[in-house]
Amino acid sequence: FLFCLIHWAIRVMIAPVFTVEEADQLLLSQSLQVGYEARQPPMLAWLHHFATMSGAVYGPIIFALKYLLLFIALTFYYLAARNVLIRPGVSASAIAAWALTFQVGWSMHEDLLGAVALMACLSITFHAITRILTWRRYRDWVYLGLAIGIGLLTHHLFVVFPVAMILAIMLSPFFRDAMNFRRIGITLLVAGLILLPYGVWVSTHIGSVETVLNEYANSWEIDSGWAERAGNAAAQLGRALLEFSLPLSLFWMMLFWTLWLPIIYPIFPRRNTDEEPHENAWRRLFMQSTIFAVLAYLISVPFGVQAYKAHWMMPVLFTTPVWLFLHVKRGGDFPVAIRAFGGVAIAFALLVAGGRFIEWQLEITTCREGGCRPYTPVREWAAELKRAGFDEGTIVGADVHLTGNMRAALPRARVLDASIPPDAFPASKTNGACLVVWRDTQFDTKRKIALMPEELVAYLSDQLYAYPRHQGAEGAIRRNLHQSSEKAATLYYTFVRPSELCR
Numbered sequence: 004f005l006f007c008l009i010h011w012a013i014r015v016m017i018a019p020v021f022t023v024e025e026a027d028q029l030l031l032s033q034s035l036q037v038g039y040e041a042r043q044p045p046m047l048a049w050l051h052h053f054a055t056m057s058g059a060v061y062g063p064i065i066f067a068l069k070y071l072l073l074f075i076a077l078t079f080y081y082l083a084a085r086n087v088l089i090r091p092g093v094s095a096s097a098i099a100a101w102a103l104t105f106q107v108g109w110s111m112h113e114d115l116l117g118a119v120a121l122m123a124c125l126s127i128t129f130h131a132i133t134r135i136l137t138w139r140r141y142r143d144w145v146y147l148g149l150a151i152g153i154g155l156l157t158h159h160l161f162v163v164f165p166v167a168m169i170l171a172i173m174l175s176p177f178f179r180d181a182m183n184f185r186r187i188g189i190t191l192l193v194a195g196l197i198l199l200p201y202g203v204w205v206s207t208h209i210g211s212v213e214t215v216l217n218e219y220a221n222s223w224e225i226d227s228g229w230a231e232r233a234g235n236a237a238a239q240l241g242r243a244l245l246e247f248s249l250p251l252s253l254f255w256m257m258l259f260w261t262l263w264l265p266i267i268y269p270i271f272p273r274r275n276t277d278e279e280p281h282e283n284a285w286r287r288l289f290m291q292s293t294i295f296a297v298l299a300y301l302i303s304v305p306f307g308v309q310a311y312k313a314h315w316m317m318p319v320l321f322t323t324p325v326w327l328f329l330h331v332k333r334g335g336d337f338p339v340a341i342r343a344f345g346g347v348a349i350a351f352a353l354l355v356a357g358g359r360f361i362e363w364q365l366e367i368t369t370c371r372e373g374g375c376r377p378y379t380p381v382r383e384w385a386a387e388l389k390r391a392g393f394d395e396g397t398i399v400g401a402d403v404h405l406t407g408n409m410r411a412a413l414p415r416a417r418v419l420d421a422s423i424p425p426d427a428f429p430a431s432k433t434n435g436a437c438l439v440v441w442r443d444t445q446f447d448t449k450r451k452i453a454l455m456p457e458e459l460v461a462y463l464s465d466q467l468y469a470y471p472r473h474q475g476a477e478g479a480i481r482r483n484l485h486q487s488s489e490k491a492a493t494l495y496y497t498f499v500r501p502s503e504l505c506r
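Here the numbering used here is used: position 367 in the sequence shown is 370, and no number is missing along the way.
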């Protein structure tokens, strides 16, 4: 809890501008709908809607939502580790291991809101599975169904983890008796009931699904370069798996070298104790589930996936910290190494906290003036628009970071983004203006005006039926970036004749 509280306080102090993923959810949270778009399930948008029900968007509350999810993730992971490792100290080490991964220890504080929510759902599901395999109670299958239903409403990659775990359980001689068709049926029934409303929404919004499928079909083809692309994708997958494990894997190998080095060089004595059958079964289970998850990702390689982000590997390697410390437990007592591991984890966490302040002070000196998103003067732009008379109506843009932050700065306005279908937003309730905003732009040197991005023009014309008189800006607001007296950012805007969907 203290870890999450400290990082929440740091975020409130140094980074008041919403990140891209937070801005995306703030856009969707303007209304409470069963579904928004096929690219992402609705759970995060629902949570942000409830967090902004007062009408205003308060940064500390939105930031607290993220760290509440992280607290849930770490708490339930610890409870799951206790069911497997038993010893509190070793279980705490499994939690500390997450602080030694770059993705959780650093990147989640930078952004990765979706990954934090995914981790929370994976932890709850992991806890449910360990309870099932420890006590064999029917109510835990209901608990697993709840966890799976919520997870599927939160992140598309979530499904990999429970499927891989269930397949591994089916192949485990020690654990397979915990499963039967009736128990699996209970889990599927509960998960299905939770998913039913969203499933109905998907069935009635086939167009949203077709758009995603068409984009995929247009990006994939089998030609002379297919084999090379598939090979590069497989290499990308391997690199992402390695990157996700760093630097945890290096620290673990250095501190517990007596567990793995004798396997390579038999001249070193192997450390081993009399292992209980269930401990061996847990180790095999986690290894098999990881293999199944990797195979699931490998299936995507020949189907055209070209890039794999490191945080996408979380469902694959989620049980790795517990698996590593099962090996430590099997090797006997490591009082010095365990304490050293805890010291490294604490030191790394403190360095990350200090590094956040250092980054905030230094990044502004190195970032490009047109970028520098964490320092964007959105509040200043919004204040200028209010002074110009715009407070209600519709704002349209083609930059999620910009439009999401404008939604927070102008809570009475309806804000749309060109990357999201219009029906994902609330209907127009005012007869206000239709204001178009953008940042990065091209200039018409002859007319000496900033031009509206092409995707924004297409969105206005094709989906909102609001036709710009011209593509040039009618005005511009230039303000200094936060933390800088030299660098500035410009907001370009123009008013468009209102339509039924933009007013």
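Don't be surprised by glycine CBs; every beta carbon is placed ideally from N, CA and C.
Classification of residue i by the beta-carbon crowding that lies within 10 angstroms, buried from 16 upward
i           : result
residue 140 : exposed
residue 26  : buried
residue 30  : buried
residue 28  : buried
residue 126 : buried
residue 231 : exposed
residue 317 : buried
residue 15  : exposed
residue 113 : exposed
residue 492 : buried
residue 86  : buried
Whole-Å CB distance - residue i paired with residue j, under 8 Å assumed
i           : j           : result
residue 344 : residue 254 : 7 Å
residue 78  : residue 121 : Wrong, their Cβ atoms sit about 16 Å apart, outside the cutoff.
residue 298 : residue 172 : Not a contact, Cβ separation roughly 16 Å.
residue 263 : residue 257 : No, residue 263 and residue 257 are not in contact; Cβ-Cβ is about 11 Å, not under 8 Å.
residue 382 : residue 33  : Not quite, the Cβ-Cβ distance comes to about 19 Å (not below 8 Å), so this is no contact.
residue 201 : residue 58  : Not really, about 26 Å apart at Cβ, beyond 8 Å.
residue 359 : residue 13  : 5 Å
The alpha helix (DSSP H) enclosing residue i, as first and last residue numbers
i           : result
residue 7   : 5-17
residue 405 : 403-412
residue 146 : 141-155
residue 27  : 23-31
residue 253 : 251-258
residue 465 : 457-465
residue 330 : 323-333
residue 185 : 184-207
residue 306 : Counting along the chain, residue 306 falls outside any alpha helix (DSSP H), and DSSP gives it neither H nor E.
residue 70  : 62-88
residue 107 : That residue, residue 107, is in no alpha helix (DSSP H); it is neither H nor E in DSSP.
residue 424 : Per DSSP, residue 424 belongs to no alpha helix (DSSP H) and is neither H nor E.
residue 320 : 317-320
Residue i - DSSP class collapsed to helix/strand/coil
i           : result
residue 291 : helix
residue 37  : coil
residue 43  : strand
residue 398 : strand
residue 480 : strand
residue 391 : coil
residue 57  : coil
residue 452 : strand
residue 375 : coil
residue 175 : coil
residue 96  : helix
residue 129 : helix
residue 508 : Because the chain spans 4 through 506 in this model, residue 508 falls outside it and cannot be assessed.
residue 488 : coil
residue 431 : coil
residue 445 : strand
Contacting residues, own chain, Cβ-Cβ under 7 Å from residue i (five flanking each side not counted)
i           : result
residue 177 : 280, 281 and 284
residue 23  : 114, 403 and 404
residue 321 : 125, 129 and 164
Residue span of the beta strand (DSSP E) that contains residue i, given as start and end
i           : result
residue 437 : 436-441
residue 495 : 491-499
residue 354 : Premise fails: residue 354 lies in the alpha helix (DSSP H), 338-369, not in any beta strand (DSSP E).
residue 418 : 417-420
8 Å CB neighbourhood of residue i in its chain, flanking five on each side removed
i           : result
residue 286 : 326, 329, 330 and 333
residue 301 : 237 and 240
residue 401 : 420, 421, 422, 441, 456, 458, 459 and 462
residue 452 : 446, 475 and 476
residue 71  : 7
Own chain partners of residue i with C-beta closer than 6 Å, once the 5 adjacent residues on each side are dropped
i           : result
residue 355 : 108 and 109
residue 305 : 233
residue 385 : 412 and 413
residue 136 : 178 and 181
residue 340 : 258 and 259
residue 194 : 148, 151 and 152
beta-carbon residue i near the ligand ADP non-hydrogen atom, thresh 7 Å
i           : result
residue 239 : Among the components of this structure there are no ligands whatsoever, and the ligand ADP is therefore not found.
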